[in-house]
Structure formats: structure tokens, C-alpha cells
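Under UniProt numbering, think of the first position of the sequence shown as 1, with each following residue one higher. Note that beta-carbon positions come from the ideal geometry of N, C-alpha and C, so glycine has one too. These figures come from a predicted structure and were not determined experimentally. Shown next, in C-alpha cells, is the structure this report addresses.
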Amino acid sequence: MSSLANGGRRKSNSESSSMDVEDEQIINKMVSFNISDNLTDESDGGSFVNGVKRRTANPRITRTRRTKSLYGVMPNCKFGPCGSILDDSATSLSHDNCYQLQRSTEKEKNSPPSIILPQFQDGCHNNHRMNYCVEKVVLVVCSLFTLVSLVNSLEYNLDINTNDVRNDLKHFWRSTGFCPPLPHKDAYKFDFSKDMQLNLALIGSLPHNGIQQVRIHWLLELVTVKQSNGNVTYDFTELDNLIGLLWSYGLKPGFELMGNPSGFFKDFDNSTQVYFWKDMVTQLALNYIDQFGLSEVMDWNFETWNEPDCHDFDDIKFSVQGFLNYYDACSEGLLAASSLLRFGGPGDGCDRPGNTKFSDALLNHIVNGTNFFTGKQGNRIDFLSYHRKGDGSSAKIYQSELQTASDISKKYPTLSKTPFYNDEADPMVGWSKNLLWRADSTYAAMVAKVITQHQNMILAKQPLLINYTLLSNDNAFLSYVPHQFTQRTLTARFQMNNTNTPYVQLVLKPVFMVMGALSLLGDKQLHTNLTVPDKLGTVVVGNDSTVGVLASLHVPYKGIPTSDAWQVTILIYSSNDTSLSTRADSITVSLNLNGSGDFAIVEYYINNMVSNPYGVWVKQGKPSFPSVQQFREMRFQEGLMSSKVQYFRSKKNAHVFKNPYSQLVQPGVILIHVCAKSKLPPDQVTEVVVHNITSGQVLLTWSDNCVNTKCILYYEVEFSNKTESGPYVKINNNSTSIITSYNFVPNVKVLSDAMVTGFYRIRAVDYFQRPGAYSLPVQYPNTL
């Protein structure tokens with residue numbers, strides 16, 4: 001089933017129940033409760049279903065004006081009854097939803113002043129995946145991990161004051177990319193394949209636009225050139241399908257003007273072909289402005305041919321001068337469509353000493369050259385893009401970036417403040433290399449480390465050494481047998497070719513999950529003081545250490561009550577780059593909270609003990625075609641492992657929260673998320689799409705663009721095999737998950753399509769157990 005047929009963009013709104021926590025000395029009373037015991041389920045029961053009934057027109061046709069959400073995204077949100085936000089095609093929200101919201105409000109008004117705690121045994125509470133202990137000051141993880149040897153372990157201390165804001169924190173890392181395989185003329189078969197559609201759907205399901213851009217090579221191979229009576233026209237249908245697919249999942253193209261449509265272009269030293277190229281680029285840009293609006297397209301990164309000094313020009317003659325002619329044709333073609341479109345380059349990664357003819361010539365052309373079309377000196381460039389990879393070293397990435405930027409600034413001072421992109425900033429060159437560290441949390445922790453180092457060592461420096469704007473990991477590829485986990489990918493692909501109808505399953509790797517964790521960071525960087533004792537006293541841990549921290553603050557807009565909340569997010573990594581070494585240290589976090597009210601704290605973990613589907617697969621014997629049960633076992637370790645929610649109420653304007661973590665596992669990441677209680681519960685989940693996997697199995701994805709809070713504990717996914725109005729039954733458990741996707745596979749011996757045929761609806765539940773409004777129900781299979 002085509003995802004485009006089902007999809008459009010995404011959104012949210014709602015209201016519900018509340019809770020209070022004991023008022024006494026916060027230091028002496030941390031309370032915890034069983035999510036499943038205290039959650040109010042407002043459904044009436046139901047059965048199993050599989051399907052999608054899209055209420056949205058094809059995204060390539062729909063041009064609804066979009067409004068900014070609290071986090072700066074631009075969903076197609078519309079307000080309906082009870083203040084809920086509807087899909088852009090919705091006309092009303094059921095009165096039943098209004099009733100649920102009012103009933104939840106009443107429950108909040110009548111709720112008791114304190115929470116009744118569930119029973120504990122031996123000081124520990126069992127909750128689905130982990131055990132927890134309640135002690136005087138904090139909740140301490142009791143048996144979260146199989147213990148790693150603590151020989152020579154270090155005891156770190158981290159101090160953070162929420163008043164100590166030092167810098168802006170822009171999420172400059174929200175980009176990925178891929179390249180279709182040879183032959184380039186068949187790029188569409190790969191780009192729009194069922195496998196890639198599922199891959200892009202999952203990438204789009206990262207919370208809070210965790211990845212926003214997908215940079216794709218050879219896009220112009222999807223354009224067809226038609227010649228008739230001396231006239232040349234361009235057919236963008238295949239390219240439209242791919243761009244529309246990205247847009248339907250909330251993704252933007254990293255638009256390399258790269259490829260040879262229908263093999264039409266031969267030589268950019270030929271002025272006639274240069275003019276044809278300019279005209280094609282103008283028509284291409286106008287085509288997408290017409291479909292999506294200028295406000296959308298002006299946010300795309302149009303870029304030159306990838307890595308020109310590698311000389312992979314697809315049978316087009318590219319002399320150095322021809323490349324400069326091509327650059328001017330791209331630039332002027334975009335300007336003819338709109339002066340607001342962004343264009344940069346050279347996207348070079350082969351510019352080694354003695355092999356920099358194209359990149360050097362382009363920089364000189366920008367500053368001193370003559371424009372092919374205008375005849376004027378100097379040419380525009382909106383960003384400088386280079387590829388600086390690590391060869392297994394995180395430090396090498398930022399060091400080589402700084403060296404490149406310094407060299408450019410010295411030679412061309414006018415370019416010193418031009419935005420700098422490293423749009424292939426991978427730890428290691430060669431996406432298909434079979435490297436064990438890419439399979440597990442080693443890769444995830446190194447990605448977190450690289451991003452943290454860039455913020456701390458480049459963007460937090462004053463004055464800025466470089467106008468660093470974008471970092472992209474080129475890891476949206478599809479892996480292949482027998483290296484399902486060990487290639488440079490976000491997901492592990494299993495091509496199930498042993499069935500009558502072959503299909504594909506994608507398992508989320510820890511590096512995918514770390515992008516979800518990073519999305520919880522706020523928009524202001526907090527100062528951190530990370531120390532470790534040694535024989536001579538206490539030592540401040542540097543940014544080049546194996547352990548590092550990135551902390552942030554988010555303050556909601558003041559004014560009308562919303563679902564948005566005051567938040568502090570702390571990301572802690574332990575990474576020895578690509579080394580397979582392991583160790584376990586401890587870290588004590590002291591957080592000085594500024595403010596009073598109700599607070600919730602959730603901890604997320606990524607390491608090889610709790611989030612390691614690869615390890616599960618290895619124990620299974622590395623089956624090429626895992627069984628349904630084996631996939632279920634792998635998916636059990638797919639998500640972000642989370643702690644139980646900790647609650648406390650502070651009557652003071654300042655409160656110190658102190659928590660020891662006995663296991664800072666290497667390689668691994670800990671993310672601590674602190675949320676104040678917002679005025680309103682989460683808003684509505686939108687854009688629910690049901691993707692067929694195989695008989696009796698579906699993948700659901702949805703959007704959190706209108707949920708308007710990052711303080712989401714989990715999503716409730718419900719199914720009815722009867723009618724759109726129900727009855728519904730919950731088909732996922734209450735395990736914490738912030739990823740907006742869910743694989744539904746009924747737990748029966750023999751699967752059939754009938755078991756997943758029906759209606760689906762989803763709602764968000766926040767850290768305070770308040771549910772938002774249900775999404776509009778969608779039907780599977782789509783009957784339209």
C-alpha cells in the first residue's frame with residue numbers, strides 16, 4: 001500500500017486527569033506509583049485491527065496554510081470543539097471526545113490531595129522491565145542492568161544550576177541522508193521502494209522532528225526530459241512522488257541538484273546546455289513552490305553536485321569552468337523562482353591536498369569570479385558544505401572542520417561568517433563497511449558525543465570560531481544480508497524472502513533511539529560542572545573526555561495556558577569512540593531547580609544491556625529470517641529504556657535535586673528529563689497512518705507536531721474491529737515510549753489480515769498521567 005495514498009502532514013490538543021504528591025520535605029519524600037495502576041482508561045473495550053483511512057488529500061495537492069507550534073514546527077493544525085486540534089481534513093471532533101475531556105477535568109477537581117502508592121516488596125517496585133527502590137532522597141535503580149565490572153570505576157559528580165543559562169541550543173544535528181545504488185538511472189526504484197518508504201516513515205516517527213532533513217544523492221535522475229519540435233519539457237512526476245513522501249512524514253529534502261535527467265546533459269562548457277540547466281532548475285523550484293508554498297521550500301537546503309572533486313559526474317563533461325557554469329545555472333535558476341531560496345556547496349569530501357581543483361575554484365568564483373549570466377563579479381553562496389568524517393575518532397571531526405573553516409577564512413575573509421555545514425559528519429567513511437560497533441550502543445554513544453562536543457567546543461565558544469549551522473550523519477541507508485546491524489544505518493533491515501509474498505521488517509538500532517533522546521533537549525544551554533576525584537583532589541572533566549554532558553532549559557511561552565511545560569534536560573554520554581571496550585562508572589547529579597510547583601523526572605537509558613536488539617539477534621543465532629517471536633524479542637529492546645517517574649512538589653523558589661546513578665555504562669547514554677506540571681494535558685495526536693507489513697502485521701505511525709509538549713510518558717494505541725465509534729481495546733502496553741510508531745502483531749499462533757482489519761486511534765499520556773484527546777480514527781485497509 002502506498003504511504004502517499006494514506007498520508008499527509010501531522011498535528012494535536014486535549015484535557016484530563018491530575019495528581020498531587022505529598023507536600024512534605026521534598027528531600028525526604030520522593031513518591032512513585034505504578035503507571036498501570038493509576039492510569040485512567042476511558043475506552044470501552046474492543047478488538048484487533050489493521051488499516052488506514054486517510055482523511056487528508058495527497059500532500060502534493062494539499063496546500064493548507066500552516067501555523068507554528070510551540071516548538072517551531074509548522075503543522076497543518078486546525079482547532080475544533082473543546083479546543084482540540086484537528087487533522088487538516090477533519091470537520092468535527094466527536095461529542096464523545098468532548099465528554100471525555102470534561103470528565104477528566106472533573107476527576108482532576110475531585111482527585112485526592114495525595115497519591116496512594118502501590119505495594120512494595122523489599123523496598124523495590126516492579127514495573128514491566130525494571131525494578132526500582134524508593135529511599136529517602138531519591139529513586140535509585142536497583143537491578144536495571146546486569147552489572148559490569150566496577151574495577152577501577154570512577155565516581156563522577158555533575159552540578160547544574162537552572163539559572164545559569166550560557167548559550168542558545170539550536171538542534172543543528174537533525175539531518176540524515178542516503179545514496180541509491182547503481183545504476184543511477186534506476187534511482188527511483190530504490191528511493192520509492194517499499195523498503196525505503198518504511199525506512200522514511202520510521203525516520204519521520206522520531207519525536208519532535210528528531211530528524212528533519214534527508215539529503216539524497218541523484219535526485220535529478222527522477223526527472224524525465226521530453227523533446228518535441230525543438231521544445232524541451234520536464235516531467236517531475238517521480239521526483240514529486242518522493243518529495244511528497246518525505247513531506248507526508250514531516251521530512252524535508254536535502255536537495256542536491258545532482259543527476260542527469262534522461263541523460264540529456266552532456267557538457268557544461270556548452271552555453272546552450274547551461275541555459276537549459278538553469279531553466280530546468282527554475283521550473284523545478286516553481287513546481288515545488290506551487291505544491292508546498294514558498295514558506296516551506298525556502299526552508300530547504302539546495303546544494304551543488306555531491307563531492308565534485310571525486311569526479312562522479314554521471315557521464316556529463318565537467319571541466320573546472322564547466323562546474324562554475326553549472327553552479328551559476330543552479331544559483332540563477334533558483335533566484336529566478338525566488339530570491340528566498342537557499343543554495344550552497346561545494347559539498348566536498350574528496351578535497352584532499354592536491355585534489356581540490358573544484359572546491360578551490362568555486363570559492364574563488366564566489367568571491368572574485370564573473371557570473372555566467374549576469375556578467376557581474378562575485379556570486380552568492382548561502383552556506384559552505386564540506387564532509388569531514390572521523391576515521392573512528394570523534395575529535396577528528398570537529399578538528400578537521402575547524403581547520404577547513406580557518407583555511408577558508410584566511411584566504412577569503414568575506415566568507416568567514418558564512419554558515420558552515422558538515423552534511424556528512426560520520427564517525428567512519430564507507431556506509432556499507434561491516435563494523436561491529438555500528439550494531440549497538442557504541443555508535444549511538446559516539447553520535448551523542450560528537451554532537452555534544454560540537455555544542456560545547458564550537459558553538460558555546462565566544463567569539464564564534466565558525467558559523468556552525470548543520471551536522472548530518474549520512475545513515476539513512478538500508479542494510480543488507482548478512483550485515484543487517486553492522487552497516488551505517490538507523491535501522492536493521494530483514495528481507496523476508498522465504499515467504500510466498502516477500503516483505504521487509506525494520507528493527508530500530510540504538511543510534512536511531514539516541515536521535516529520539518536528543519530531541520528532548522531544550523533551546524537554551526545550561527552550564528555544567530562535571531568533576532571526578534583523583535589522587536590529588538577533584539578534577540574538572542574536559543570536553544575531550546570519554547564522559548561528557550549537554551544540559552538544556554526550555555521555558556514555555558507565557559500567556560494563555562498550554563500543554564507546554566518548563567523543562568530541564570540532561571544528556572550524559574560515556575563513549576570511547578569506536579572502541580569495543582566496556583566499563584561502568586557512577587555519577588551523582590545535583591540539579592538546582594529554580595521554581596516551585598509539581599515536578600516529574602524521568603530517566604532514559606541507552607546501553608548494550610537494556611537497548612541492544614543486535615545482542616538479542618546474536619543470541620538467537622543470527623537468523624536470516626527471524627520468526628514472529630524472534631522479532632518480538634528484538635523489539636523488546638528497541639526503545640529507550642526508561643525509569644519510573646519520580647514526582648515531587650517544591651514550595652520554594654529553589655530546590656536541589658540530588659540523584660546518584662550507580663551505572664554509567666560505557667558505551668552508553670543517560671538522559672534525564674525534568675518537567676514542571678503544565679496547565680493543560682497533551683494536545684491531540686494527528687496524522688495516524690497504518691502501513692501494511694505482511695499478513696496480520698502492520699506498522700502504525702503518527703505525528704506529535706500538535707501534541708505541544710515533550711513531557712510524554714507514552715502513547716496509547718487502540719483498535720476496534722467493529723466500527724469507527726468502537727468499542728476499542730488498547731493493543732500496546734504501558735511501557736514508556738516517546739517514538740511515534742508501533743508495530744502491531746497480534747499474539748496468536750496463526751496471523752491473518754482479519755486480525756488487523758478495523759479502526760485505530762491514538763492518544764498521548766504525559767508524565768502526570770493525563771491523557772490527551774484521541775486522534776481521529778483511521779481505517780485499515782483504506783476503503784477510499
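Helix, strand or coil at Trp300 according to DSSP, with G and I counted as helix: coil
Span separating the alpha-carbon of Tyr398 from that of Leu465: Rounded to whole angstroms, Tyr398 to Leu465 spans 12 Å at the Cα level.
Span separating the alpha-carbon of Ile216 from that of Gly430: 16 Å
Burial state of Asn422 (16 or more Cβ within 10 Å): Buried, because 16 or more other Cβ atoms sit within 10 Å of the Cβ of Asn422.
Nearest residue (CA-CA) to Glu424, options Lys730, Gln213 and Asn260: Gln213
Collapsed DSSP secondary structure at Phe334 in the structure displayed: In the sequence on display, residue 334 carries Leu and not Phe. DSSP places Leu334 in helix when its eight states are reduced to three.
Through-space distance from Gln273 to Gly349, alpha-carbon basis: 27 Å
Within the UniProt domain "Alpha-L-iduronidase C-terminal" (686 to 781), ranges of the beta strand (DSSP E) (whole runs, at least 3 residues): 686 to 694, 697 to 703, 712 to 720, 741 to 744, 758 to 766 and 778 to 780
Closest by C-alpha distance to Asp753, when choosing among Leu776, Ala764, Ala492 and Tyr780: Tyr780
Residue environment, Arg352, which counts as buried when at least 16 other CB atoms sit within 10 Å: Here Arg352 is exposed, its C-beta having fewer than 16 other C-beta atoms within 10 Å.
Cβ-Cβ separation, Arg174 to Asn199 (assumed contact under 8 Å), whole Å: Contact flag wrong, Cβ pair sits at about 17 Å.
Range of the contiguous alpha helix (DSSP H) that encloses Arg635: Val628 to Arg635
Alpha-carbon to alpha-carbon, Met515 and Leu664: 19 Å
Three-state secondary structure assigned by DSSP to Ala439: coil
Assigned secondary structure, Tyr275 (DSSP; H/G/I helix, E/B strand, else coil): helix
Close Cβ partners of Phe383 (< 6 Å) along its chain, the five nearest in sequence each way excluded: Excluding positions up to five away in sequence, the list reads Gly344, Pro419 and Tyr421.
Length-filtered (3 minimum) beta strand (DSSP E) runs lying within the segment 443 to 495: 468 to 471
Sequence ranges, beta strand (DSSP E) only - wholly within the segment 499 to 534, length at least 3: Runs of the beta strand (DSSP E) inside the segment 499 to 534: 503 to 508 and 524 to 534.
Among Lys461, Asp191 and Asn721, the one whose alpha carbon lies nearest that of Asp168: Of Lys461, Asp191 and Asn721, the smallest CA-CA separation from Asp168 is found for Lys461.
Where Gln227 falls, given that 16 or more other Cβ within 10 Å makes a residue buried: exposed
Delimiting residues of the beta strand (DSSP E) encompassing Pro422: Rather than Pro, the amino acid found at residue 422 in this sequence is Asn. Segment Phe420 to Asn422, the beta strand (DSSP E) holding Asn422.
Closest residue to Asn529 among Asp290, Leu521 and Thr538 (Cα-Cα distance): Thr538
Opposing strand residues paired with His673 [DSSP bridges]: Thr569 and Val602
For Gln620, three-class secondary structure by DSSP: coil
Endpoints, the alpha helix (DSSP H) within which Lys252 is located: Unbroken run through Lys252 is the beta strand (DSSP E), Lys252 to Glu256; no alpha helix (DSSP H).
Where Pro183 falls: helix, strand or coil (DSSP): In the structure shown, Pro183 sits in coil (DSSP, three-state: anything other than H, G, I, E or B).
Environment of His184 [buried if 16+ CB atoms lie within 10 Å]: buried
Unbroken beta strand (DSSP E) run spanning Leu384, endpoints: Phe383 to Tyr386
DSSP state of Val589 mapped onto helix, strand, coil: strand
Nearest residue (CA-CA) to Glu221, options Arg388, Val541, Pro180 and Pro207: Selected option, being the one with the closest Cα: Pro180.
Under the three-state DSSP convention, the category Leu640 falls into: coil
Of the residues Leu257, Asp523 and Asn229, the one placed nearest Gln283, counting alpha carbons only: With distances taken between Cα atoms, Gln283 lies closest to Leu257.
Assigned exposure category for Glu307 - 16 Cβ within 10 Å defines buried: buried
Glu155 (DSSP reduced to helix, strand or coil): strand
Distance CB(Val778)-CB(Pro771) smaller than 8 Å: no
Segment contact flag, the segment 569 to 577 with the segment 618 to 634, C-beta cutoff 8 Å, min 3 pairs: no
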